[in-house]
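Asker: Provided herewith is a single structure, encoded as structure tokens, for subsequent inquiry.
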Amino acid sequence: MSAETSVPRPRESDVDISDSALFQGMLSEAEFAFAFFDGDGRVQRVNDVFCGAVVNVPEERLVGRQPVEVLTADLSQIITHAVQAVIETDAPVTEGRVRVRSAEGDTRHWSLSFSPVHDDSGELRAVALVGMDVTESRQTEEALRRSEERYRSLVEAQSQLVWITSPTGAVVEDAPQWRAITGQGLEEYLANGWLEVVHPEERQQTEEAWREALRGRTMFEWNYRVRTRASGYRHFEVRAVPIIRHGRVVEWVGANTDVTPQREAEEMRGRLTDQLGAAALRTARLQGATAMLAEALTVEQVVQVIIDVGRTALAADRSAVALLDTDRAALKLINGEGIPEASGASGEEIPLSSSSVMTMAVNSRRPVFAESPDSLRSQLLEAGGDEEVLGNYLASSDERAWVGLPLLAAGRALGALRFSFTRPQKISQEDGVFPEALAGQCALAVERATLFEREHRTAETLQRSLLPDRLPVVKGLELAQRFRSGSRHVQVGGDWYDAFVLQDGRVAAVVGDVMGKGVKAAAGMGRIRNAMRALALTNPPPAAVLTGLDRVFEATEEEEQVTTLAYMVVEPVTGEGTLALAGHPPPVLVSPQGTAILCDGEPGTPLGWPTSRRQFRFVVPPGHTAVLYSDGLVENRKRGLDAGLADLCSVVTEAPPEVVKSPHMLLDFLVDRMLSGYEQDDDVTALAIHVPPATKSD
Numbered sequence: 001m002s003a004e005t006s007v008p009r010p011r012e013s014d015v016d017i018s019d020s021a022l023f024q025g026m027l028s029e030a031e032f033a034f035a036f037f038d039g040d041g042r043v044q045r046v047n048d049v050f051c052g053a054v055v056n057v058p059e060e061r062l063v064g065r066q067p068v069e070v071l072t073a074d075l076s077q078i079i080t081h082a083v084q085a086v087i088e089t090d091a092p093v094t095e096g097r098v099r100v101r102s103a104e105g106d107t108r109h110w111s112l113s114f115s116p117v118h119d120d121s122g123e124l125r126a127v128a129l130v131g132m133d134v135t136e137s138r139q140t141e142e143a144l145r146r147s148e149e150r151y152r153s154l155v156e157a158q159s160q161l162v163w164i165t166s167p168t169g170a171v172v173e174d175a176p177q178w179r180a181i182t183g184q185g186l187e188e189y190l191a192n193g194w195l196e197v198v199h200p201e202e203r204q205q206t207e208e209a210w211r212e213a214l215r216g217r218t219m220f221e222w223n224y225r226v227r228t229r230a231s232g233y234r235h236f237e238v239r240a241v242p243i244i245r246h247g248r249v250v251e252w253v254g255a256n257t258d259v260t261p262q263r264e265a266e267e268m269r270g271r272l273t274d275q276l277g278a279a280a281l282r283t284a285r286l287q288g289a290t291a292m293l294a295e296a297l298t299v300e301q302v303v304q305v306i307i308d309v310g311r312t313a314l315a316a317d318r319s320a321v322a323l324l325d326t327d328r329a330a331l332k333l334i335n336g337e338g339i340p341e342a343s344g345a346s347g348e349e350i351p352l353s354s355s356s357v358m359t360m361a362v363n364s365r366r367p368v369f370a371e372s373p374d375s376l377r378s379q380l381l382e383a384g385g386d387e388e389v390l391g392n393y394l395a396s397s398d399e400r401a402w403v404g405l406p407l408l409a410a411g412r413a414l415g416a417l418r419f420s421f422t423r424p425q426k427i428s429q430e431d432g433v434f435p436e437a438l439a440g441q442c443a444l445a446v447e448r449a450t451l452f453e454r455e456h457r458t459a460e461t462l463q464r465s466l467l468p469d470r471l472p473v474v475k476g477l478e479l480a481q482r483f484r485s486g487s488r489h490v491q492v493g494g495d496w497y498d499a500f501v502l503q504d505g506r507v508a509a510v511v512g513d514v515m516g517k518g519v520k521a522a523a524g525m526g527r528i529r530n531a532m533r534a535l536a537l538t539n540p541p542p543a544a545v546l547t548g549l550d551r552v553f554e555a556t557e558e559e560e561q562v563t564t565l566a567y568m569v570v571e572p573v574t575g576e577g578t579l580a581l582a583g584h585p586p587p588v589l590v591s592p593q594g595t596a597i598l599c600d601g602e603p604g605t606p607l608g609w610p611t612s613r614r615q616f617r618f619v620v621p622p623g624h625t626a627v628l629y630s631d632g633l634v635e636n637r638k639r640g641l642d643a644g645l646a647d648l649c650s651v652v653t654e655a656p657p658e659v660v661k662s663p664h665m666l667l668d669f670l671v672d673r674m675l676s677g678y679e680q681d682d683d684v685t686a687l688a689i690h691v692p693p694a695t696k697s698d
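Using the UniProt record's numbering, read the sequence shown as starting at 1 and increasing by one per residue.
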């Protein structure tokens, strides 16, 4: 037997593997799988590892048979093809991977190698299979693959542009994000193309700094401008580090970050700081304008701030604000007495096709500065202005310098500002920074105010539509309501009231409060109100209605949407009734003599909170009035709930007799007196249930 095999020479013409103690021990003790096949591909000898871990077939079923007879189709195909390849080529098949399921049910991976076995004369006598369990290494490879995929996904998702070079700095991998920005082709980029798109003024210094980092194997940190696909330049910060293994640099990994917005913002801040530094008073006024614009939440308020700031911070003699009407392709003048230099303008409307300081600013999206009448004349005539109209205006007007500023939000035109001066003005580039900054703040304020007003109109319409148009007219009962919006901040809330007649003739009355502001609160109020009506008309007892509302709340509302209410059912004429509270302030009962008694029933918890709902008897005797109300009546930033309830009882005692007898007058009196001296910051809702005193005819 030659040195090329460890298999002993067969004793017979057929293959007969030696069963010496040494070889038998190796087969039985080894962690590897062994198998031998004859020239016909039949199994001659196997070890326990091959039988149990690889093929899961007993030795007695394998020996003397071909793999296709006893093994699964995929496994037999792999082994048969590999053995046949060794027999035909007399060369080893060095790798064959199979996946098998162990007796415990888990999946294992095996690497199979097939080698020819020769006798002393060099004749092929057998094929030897050696198998090694590579499950752990396969799992490691899979973990590395997933890690690489995650890394690549993260790189592609983030805003940074990641790139890799060889140890010498040559680009070796594609950077699609970089090429998407620069418009370069792959070959151009790989051929040191990144340096070609660096701004010419910065290219040499950038290259020298990069070469210095390569020589010193130190971190490369630099800033430069890059030419983009659109032929403009953007600012990038770059940082690259060498990857060192065994003392040698194997590659460089770098990341470019687009810092153009930050750089532009820094440059703008620098110019603005220089300008404001030369005029301390103007700086203070700009800060005041910013504060005023932040508090101005309606368009009307914003316009007034702009006018005031223009006349103080800019020392302008006249100010005008116009908003863009895109449907009519015109500017609508919000204040002022028209734009006299514009031809085609009709009072409050200025067509964009006409020539004026404001239309030029909107159409060009750039400020317009006219330092003198001659400058204004040349600019307007070049824009197509009417020479006669312009001449008449300049001859009769005392204005001698003009500034037109577009109101832009995210590049979209909202309108324009016009400031004029009765003396010529020398406006340098630095001087223009201040009005540009002011216009930017004004544009944001106008956009915010427009959105607030739109939300306010939507929410108010929704809220009003969900409140009853009128209260029911019921013999033996008088109902009155008052609703005062607390929309100081251009939002509406979720306060609501309702009253309706049940099937048995009794009247259901409710006041509720969905915490929060805006459309969300109003919509939540509508859902709860409709659900309450449906439940009350089906099963009117207050405890049952609140229990049903808890279920509805859990199914439709968010946990943080706190909702409270007071709900009562009252009998006309007698005033007999029942009441249930869901975390709501207690009703107040007003006697004919003007005394006030707060209901002492269990306050309960807001809707949706786990609780056992209870109801209790609540009677409105003839001549008395029960008032249900929202917390806006008794509570605000300066007055707590307990103090507010005490004030409410005190105010009731001050009501004149004629007020106490009329539920409408009583509500007016309570609302006016309770809000007097306080800034209203919440909706106020009140519902009065008055039982008229009994008469002889009754």
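Note that CB positions come from ideal geometry on N, CA and C, so glycine has one too.
Kindly list the residues whose CB is nearer than 6 Å to the CB of L628, restricted to its own chain and excluding five residues on each side of it in sequence; keep chain order.
Answerer: As a working note, residue 628 is residue 628 in the sequence shown. So the list reads V511, A566, P587, L687, once near-sequence residues are dropped.
Asker: Give the straight-line distance between the Cα atoms of R614 and L607, rounded to the nearest whole angstrom.
Answerer: Taking the first residue of the sequence shown as position 1, residue 614 is located at position 614. Taking the first residue of the sequence shown as position 1, residue 607 is located at position 607. Cα to Cα, R614 sits roughly 13 Å from L607.
Asker: What residues in its chain sit with their C-beta under 6 Å from that of V573, if we drop five residues either side in the sequence?
Answerer: Residue 573 sits at position 573 when you count from the first residue of the sequence shown. Excluding positions up to five away in sequence, the list reads G476.
Asker: Name the DSSP beta bridge partners of D90, please?
Answerer: Mapped onto the sequence shown, residue 90 falls at position 90. Answer is none; D90 lacks a bridge partner.
Asker: Spatial neighbours of G415 within its chain, please: CB distance less than 6 Å, with the 5 preceding and 5 following residues excluded, ordered by chain position.
Answerer: As a position in the sequence shown, residue 415 is number 415, starting the count at 1. Same-chain partners within the cutoff: A322, L323, L324, L407.
Asker: Distance check for I528 and D683, CA to CA, integer angstroms please.
Answerer: On the sequence shown, residue 683 is found 683 positions in, with the first residue counted as 1. On the sequence shown, residue 528 is found 528 positions in, with the first residue counted as 1. Rounded to whole angstroms, D683 to I528 spans 18 Å at the Cα level.
Asker: Using C-beta distances below 6 Å, list every residue in its chain close to F483, excluding the 5 sequence neighbours before and after it, in chain order.
Answerer: In the sequence shown, residue 483 corresponds to position 483, counting from 1. Around F483, the same chain offers T685 as residues with beta carbons nearer than 6 Å, after the five sequence neighbours per side are excluded.
Asker: If P603 sits next to G632, beta carbons under 8 Å apart, how far is it from one beta carbon to the other, in whole angstroms?
Answerer: Start at 1 with the first residue of the sequence shown, and residue 603 comes out as number 603. Start at 1 with the first residue of the sequence shown, and residue 632 comes out as number 632. Wrong, their Cβ atoms sit about 17 Å apart, outside the cutoff.
Asker: Does V197 get closer than 8 Å to chain C when you measure Cβ to Cβ?
Answerer: Absent here is chain C; the protein component of the structure consists of one chain.
Asker: For I307, report the span of its alpha helix (DSSP H) as first-last.
Answerer: Mapped onto the sequence shown, residue 307 falls at position 307. Unbroken alpha helix (DSSP H) run through I307: 299 to 312.
Asker: Tell me whether M532 is buried or exposed, calling it buried when 16 or more other Cβ atoms sit within 10 Å of its Cβ.
Answerer: Taking the first residue of the sequence shown as 1, we reach residue 532 at position 532. Burial call: buried.
Asker: Could you say which of Q593, L598, T564 lies nearest to P657 if we only look at CA atoms?
Answerer: Taking the sequence shown and counting its residues from 1, one reaches residue 657 at position 657. Checked all of Q593, L598, T564; the closest Cα to P657 is Q593.
Asker: Could you give the distance in angstroms between the alpha-carbon of A534 and the alpha-carbon of L546?
Answerer: Within the sequence shown, the letter at position 534 stands for residue 534. Within the sequence shown, the letter at position 546 stands for residue 546. Rounded to the nearest angstrom, the two C-alpha atoms are 12 Å apart.
Asker: In chain order, what residues of the same chain have a beta carbon less than 7 Å from the beta carbon of A694, not counting five sequence neighbours either side?
Answerer: Residue numbering aside, residue 694 sits at position 694 when the sequence shown is read from its first letter. So the qualifying residues of the chain are P622.
Asker: By the three-class DSSP mapping on this structure, what secondary structure does D682 have?
Answerer: Against the sequence shown, residue 682 aligns to sequence position 682. Correct three-state label for D682: coil.
Asker: Using 7 Å as the cut-off, classify the Cβ of L675 as near or not near the heavy atoms of the ligand HEM, replying yes or no.
Answerer: In the structure shown, the ligand HEM is absent, as is every other ligand, since no ligand is present at all.
Asker: Would you decide whether V127 is buried or exposed? Buried here means 16 or more other CB atoms lie within 10 Å of its CB.
Answerer: Mapped onto the sequence shown, residue 127 falls at position 127. Answer is buried; the Cβ neighbour count reaches 16.
Asker: Can you list the beta strand (DSSP E) stretches of 3 or more residues lying completely in the segment 326 to 384, in chain order?
Answerer: 330 to 333, 349 to 351, 368 to 370
Asker: Please check the pair L333 and V362, which I expect to be a contact at CB under 8 Å, by giving their CB distance rounded to whole angstroms.
Answerer: As a position in the sequence shown, residue 333 is number 333, starting the count at 1. As a position in the sequence shown, residue 362 is number 362, starting the count at 1. In this structure L333 is not in contact with V362, their Cβ atoms being roughly 13 Å apart against a cut-off of 8 Å.
Asker: When we look at the beta-carbon of M219 and count the other beta-carbons within 10 Å, is it buried (16 or more) or exposed?
Answerer: One-based indexing of the sequence shown puts residue 219 at position 219. It counts as exposed.
Asker: Determine the DSSP secondary structure at A688, reduced to helix, strand or coil.
Answerer: Position 688 of the sequence shown holds residue 688. A688 falls in the strand class under three-state DSSP.
Asker: So, is V253 buried or exposed, given that buried needs 16 or more other C-beta atoms within 10 angstroms?
Answerer: By 1-based counting over the sequence shown, the position of residue 253 is 253. With fewer than 16 other Cβ atoms within 10 Å, it is exposed.
Asker: If I follow the unbroken alpha helix (DSSP H) through P657, where does it start and stop?
Answerer: Residue numbering aside, residue 657 sits at position 657 when the sequence shown is read from its first letter. Unbroken alpha helix (DSSP H) run through P657: 657 to 661.
Asker: Ordered along the chain, which non-local residues of its own chain (more than five positions away) have a Cβ less than 6 Å from that of G384?
Answerer: Along the sequence shown, one-based indexing puts residue 384 at 384. Result list for G384: S355, in chain order.
Asker: How would you write the range of the beta strand (DSSP E) that T165 sits in, first residue to last?
Answerer: Looking up residue 165 in the sequence shown gives position 165. Counting along the chain, T165 sits inside the beta strand (DSSP E) bounded by residues 161 to 165.
Asker: Thinking C-beta only, is G404 closer than 8 Å to V357?
Answerer: By 1-based counting over the sequence shown, the position of residue 357 is 357. By 1-based counting over the sequence shown, the position of residue 404 is 404. Cβ distance < 8 Å, so V357 and G404 count as in contact.
Asker: Are there 16 or more other CB atoms within 10 angstroms of the CB of I181, so buried, or fewer, so exposed?
Answerer: Position 181 of the sequence shown, counting from 1, holds the residue named residue 181. By the 10 Å Cβ count, I181 comes out buried.
Asker: Nearest-angstrom Cα distance between L581 and A296?
Answerer: Your numbering for residue 581 matches position 581 in the sequence shown. Your numbering for residue 296 matches position 296 in the sequence shown. Taking the straight line from one Cα to the other gives about 39 Å.
Asker: Under 6 Å Cβ to Cβ from V552, same chain only, skipping five residues before and after it: list those, please.
Answerer: Numbered from its first residue, the sequence shown carries residue 552 at position 552. Sequence-distant partners of V552 (beyond 5 residues in either direction) whose C-beta falls short of 6 Å from its own C-beta, in its chain, are A531.
Asker: At 4 residues or longer, what runs of the alpha helix (DSSP H) sit wholly inside the segment 524 to 557?
Answerer: 542 to 556
Asker: Hey, how far is the Cα of V68 from the Cα of F50?
Answerer: Translated into the one-based positions of the sequence shown, residue 68 becomes position 68. Translated into the one-based positions of the sequence shown, residue 50 becomes position 50. Near 16 Å, if we compare the C-alpha coordinates of F50 and V68.
Asker: Ordered along the chain, which non-local residues of its own chain (more than five positions away) have a Cβ less than 8 Å from that of A294?
Answerer: Start at 1 with the first residue of the sequence shown, and residue 294 comes out as number 294. A445.
Asker: Could you give the first and the last residue of the continuous beta strand (DSSP E) run that contains D647?
Answerer: For the purposes of this step, residue 647 is taken as residue 647 along the sequence shown, with counting starting at 1. Looking at the DSSP string, D647 is not in any beta strand (DSSP E); the run it does join, the alpha helix (DSSP H), is 641 to 653.
Asker: Helix, strand or coil for L71, going by three-state DSSP, please let me know.
Answerer: Residue numbering aside, residue 71 sits at position 71 when the sequence shown is read from its first letter. Three-state result, L71: coil.
Asker: Are there 16 or more other CB atoms within 10 angstroms of the CB of R215, so buried, or fewer, so exposed?
Answerer: As a position in the sequence shown, residue 215 is number 215, starting the count at 1. R215 should be labelled exposed.
Asker: Given a threshold of 16 other Cβ atoms within 10 Å of its Cβ, counted over all protein chains shown, does V250 qualify as buried or as exposed?
Answerer: As a working note, residue 250 is residue 250 in the sequence shown. By the neighbour-count rule (16 or more Cβ atoms within 10 Å), V250 is not buried but exposed.
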